[in-house]
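Residue numbers (this note's numbering), protein chains in the order written: chain A, 8 to 425; chain B, 728 to 1080.
We put the beta carbon where it would ideally sit given N, CA and C, even for glycine.
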Amino acid sequence: MKNFLITGAGIISAIGNNKQETLAALLEQRSGIAPLRYLKTSHTEFPVGEVKLTNEEMRQLLDIPETEVTTRTSLMGMLAVREALRHCGLDPQTPQNVAEMTELRIALISGTTVGGMDKTELYYLDFFEDNTKDAYIATHDCGSSTEMIADYFGIFSLVETISTACSSAANAIMLGAQLIRDGRADVVVAGGSESLTKFHLNGFNSLMILDREPCKPLDAHRAGLNLGEGAAYIVLESEEVFNRRLRVKPAMTPLKPLARLSGYANTCDAFHQTASSSDGEGAYLAMTKALAVANLQPEDIDYINAHGTGTGNNDLSEGIAIQRVFTNGVPPVSSTKSFTGHTTSAAGGLEAVISLLALQHDFIPANLNFSTPMPELSFTPYTACHCGLDPQSPKLHHVLSNSFGFGGNETTLIFSKV
Amino acid sequence: MTNVYLLDAKQISVQSPLVDDWMDNPLSYQEPYICAIDPNYKQYFEPNMARRLGKILKRALLTSRQVMEATNITNPDAIITGTGLGCLENSELFLEALLRDGETLLKPTHFMQSTHNTIGSLIAIDAHCHGYNSTYVHKGISFESALLDAFMQLKNGQIQTALVGAHDEMTPKYFDLLQRIGYLGNTENSFSGETAISMMLSTKQKINALCRISGVEMLYHPINLKESLMRLLDEVQCSLDEIDAVMIGTNGLPTNDRVYAEICPALFPGKKLLRYKHLFGESYTAPGLGAYAAATCLHQQRIPAHLLAPLNPPSGRKSSPPEGDLGGFKHILFYNQFENKNHTFILLSSCGK
């Protein structure tokens, strides 16, 4: 299990368009949750975590002509994948990489549920009026967003798309490890992308789980979640492949693996389509199994990046599950959804990259908006206001990240220093 | 060396539900849009469940329950689902209500049953399965993605049993849209179907297991398809000569069938080519039904004449009777391509070997 190196990462969300901006926002405790600006909806009462770029601005950053058919999910995905590929020295836009890349089997595994719904909800009525928007019929399904991202780079020899609601990207990362272990890919780019849509904003609203204020994860007075959007991907490869790449291309030597994926587990709460069990059984099993895969004890975990949506149900269920796993004391816990909003299918990717930044820079992201402990829990989230890069900051070795989806699709990932 | 067995499979499609009648009494269709033949769900579900669940969910749940019962594996280690479009009907109902009635009066019911993973989680809730649960949603390779995940985990010992499902429903409106962009046809040779198939895989053979799954390979824009196929066959120590037949996804649409016509003679020269979409129609997860059809032929050691693809040369190098006992019939290769971008192979082998 020590073999899954993470050699690249890319992220775009409400708190920044890359890792550097994300890190700065986390350290400065600057949330990206704000009044609606980009999505056209009448529900302006809900704050959201939007990526602060229009589709046109993203096209320009990617040099994609206006005539080309894209969706917001795929545009954000391209930006995050490009950052991840540049990070690990495999950007196809750098000509000297091309020969190397044709020899590698590179897979793209993407998690999404929204897929091309942002365009479908915009043009659905037009589809039945005339044929002017027909190009967007084919971009509706989830797989299309992955292929648009893959085709932008043209280097992927295996593509797959996972949709397990809010754990999709975490499951994509877990599958990435399986593919490497099975020798089916040399390098895997795995994560997820999800744009905001009226469809799921209204869906979550109909379930009455959206907060009209900035969300308060793990707080007694939490009143629901804020939706967000974004994309984040990590690059996985085995030590053998990475060392071989270093030998072939000595110029790459300054590159160091960010961390390794040491544990993962996927379980099912098997309780309810849209609610978590009161004892957090699925979450408990996911964390326990991931620790076993990583061959770690609960005491080894230095920080938990919680799923922590801010809904009454999730935070209680997850909190109880955390207490059941960490019986000898709960390590610092925070939910960074107080920064990014709940980016649903992309959340596991975003929180993987945030966990990697925490490991790399030895800091614990704060849980914003916390004031009142939950009476049911023995622990409170981490709210320390120090900036992590000071010498007093904790040393992190192992970070555990939870991603839980509707239907009880629970996934835990553990990241460890190399 | 761990073997992976396909123990049993249950389907609801445009052929008679839950049985293998299509082998000898195939139903044929002339219209371009055909819905699955649903069994009487009142026989199987409590009335409120039958009313509450959308059709894709009822089909997935019933086929899953039946295959779990038939194999006596009621708590599989993994539940892995492939679906190209997920709960299309509920998504459409929610979207249309949103666009028609505005954003204020929406009820959660359709939204709650609109996500793709509703299918896999429903099965897990019903069977109280806390194990691995995932859902693959990649167009025409959704089923193979799910199968590959199960296959890898079974092979490397992470799990011993896996329920793999392939499910897609179609609606009249979405049919119109997909027909307009050329994914579905409107000729009498080509029709849109619906898919619900649940398979039980296990590392332990049982009496009446349908076949073994010897290999699975998925490729995107392959540079050299032949090389990839040879690598797959090498890994499982099977030569091309030992393949008895190749099951392909011709569906009567020229854009699709042309790809097979170009690739098959080069990749599988002289091989008997079999088809399944004339029975089950086109849908993103139709390959699940194709793999099941191939498995059934291996299990029964015969190939009905109607399965022979029109692409077969009039007299093949290895001519054999169109139907009947094929004596020592060992391997069927399943080959699927989607828009000539995604290519997949599944090698199915008789349990005997």
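- Chain-order list of chain B residues neighbouring A:Tyr131: Leu822 and Leu826, by C-beta distance under 7 Å.
- Proximity of B:Ala851 to chain A, defined by a Cβ-Cβ separation below 9 Å, is satisfied.
- Of the residues assessed, A:Ala272 falls on the buried side of the cut-off, its CB having 16 or more other CB atoms within 10 angstroms.
- For the segment 205-235 of chain A, residues whose beta-carbon sits nearer than 9 Å to a beta-carbon of chain B comprise Lys205, Phe206, His207, Leu208, Asn209, Gly210, Phe211, Asn212, Ser213, Leu214 and Met215.
- Sequence-distant partners of B:Pro744 (beyond 5 residues in either direction) whose C-beta falls short of 8 Å from its own C-beta, in its chain, are Gln738, Ala763, Ile764, Asp765 and Pro766.
- With its beta carbon at least 9 Å from every one in chain A, B:Tyr760 lies outside the interface.
- In its chain, beyond the 5 residues on either side, Ala16, Ile18 and Ala239 have a beta carbon closer than 6 Å to the beta carbon of A:Val360.
- Per DSSP, B:Thr845 is one residue of the alpha helix (DSSP H) stretching across Thr845 to Ala854.
- When CB distances to chain B are screened at a threshold of 7 Å, the residues of the segment 162-174 of chain A falling below it are Phe163, Ser164, Leu165, Val166, Glu167, Thr168, Ile169, Ser170, Thr171 and Ala172, in chain order.
- Neighbourhood of A:Phe413 in chain B, by CB distance below 9 Å: Met839, Thr842, Asn844, Thr845 and Ser848, in chain order.
- Contact between A:Ala277 and B:Ile852 holds, since their C-beta atoms are separated by about 5 Å, short of 8 Å.
- The segment 1021-1033 of chain B makes contact with the segment 1064-1076 of chain B: 3 or more CB pairs, one atom from each, lie closer than 8 Å.
- Taking the Cα positions, A:Leu323 is about 46 Å away from B:Phe1007.
- By the criterion of at least three beta-carbon pairs nearer than 8 Å, the segment 339-356 of chain A is in contact with the segment 172-188 of chain A.
- Among the residues facing chain A, B:Met927 is not included, as its CB has no counterpart in that chain under 9 Å away.
- Uninterrupted alpha helix (DSSP H) stretches at least 4 residues long and entirely within the segment 758-804 of chain B occur at 774-779 and 782-798, given in chain order.
- Nearest Cα to A:Leu232 within the set A:Ala31, A:Glu383 and A:Asn320: A:Asn320.
- Scanning its chain for C-beta atoms nearer than 6 Å, with the 5 sequence neighbours on each side dropped, one finds around A:Leu33 the residues Pro372, in chain order.
- Residues of chain A whose Cβ lies closer than 8 Å to the Cβ of B:Asp876 are, in chain order, Leu182 and Gln185.
- Residues are counted here when their Cβ sits less than 9 Å from a Cβ of chain A; for the segment 781-802 of chain B the count is zero.
- Among the residues of chain A, those whose CB is under 7 Å from the CB of B:Met879 are Gln185 and Asp189, following chain order.
- Restricting attention to alpha helix (DSSP H) runs no shorter than 4 residues, the segment 47-115 of chain A encloses them at 62-69, 79-94 and 105-110, ordered along the chain.
- Nearest neighbour of B:Tyr1062 by Cα position, chosen from B:His1033, B:Phe1056, B:Pro899 and B:Val986, turns out to be B:Val986.
- For the segment 804-817 of chain B, the set of residues with a beta-carbon nearer than 8 Å to any beta-carbon of chain A comprises Ile806, Gly811, Leu812 and Gly813, in chain order.
- Cβ-Cβ separation between B:Phe838 and A:Ser213: approximately 6 Å, consistent with a contact (criterion under 8 Å).
- According to DSSP, residue pairing for B:Cys938 in a beta bridge involves B:Leu733.
- Secondary structure within the segment 358-404 of chain A: not one fully enclosed beta strand (DSSP E) run of 3 or more consecutive residues is present.
- Annotated as proximal: A:Glu236 and A:Ala21, with beta-carbon spacing under 9 Å.
- Using a Cβ-Cβ cut-off of 7 Å, B:Cys856 is close to Cys275 and Ala277 of chain A, given in chain order.
- Straight-line spacing of the CA atoms in B:Met957 and A:Ile113 works out to 20 Å.
- The C-beta of A:Thr318 comes no closer than 9 Å to any C-beta of chain B.
- A straight-line Cα-Cα distance of about 23 Å links B:Ile868 and A:Gly414.
- With a cutoff of 9 Å on beta-carbon distance, A:Thr14 and A:Val242 are scored as near each other.
- Residues of chain A with a Cβ closer than 7 Å to the Cβ of B:Ser872 are, in chain order, Glu167.
- Judged by beta-carbon spacing, A:Thr171 lies beyond the 9 Å limit of A:Cys149, meaning their Cβ atoms are not closer than that value.
- Using a Cβ-Cβ cut-off of 9 Å, A:Gly198 does not count as an interface residue toward chain B, since no Cβ of chain B sits closer than that to its own.
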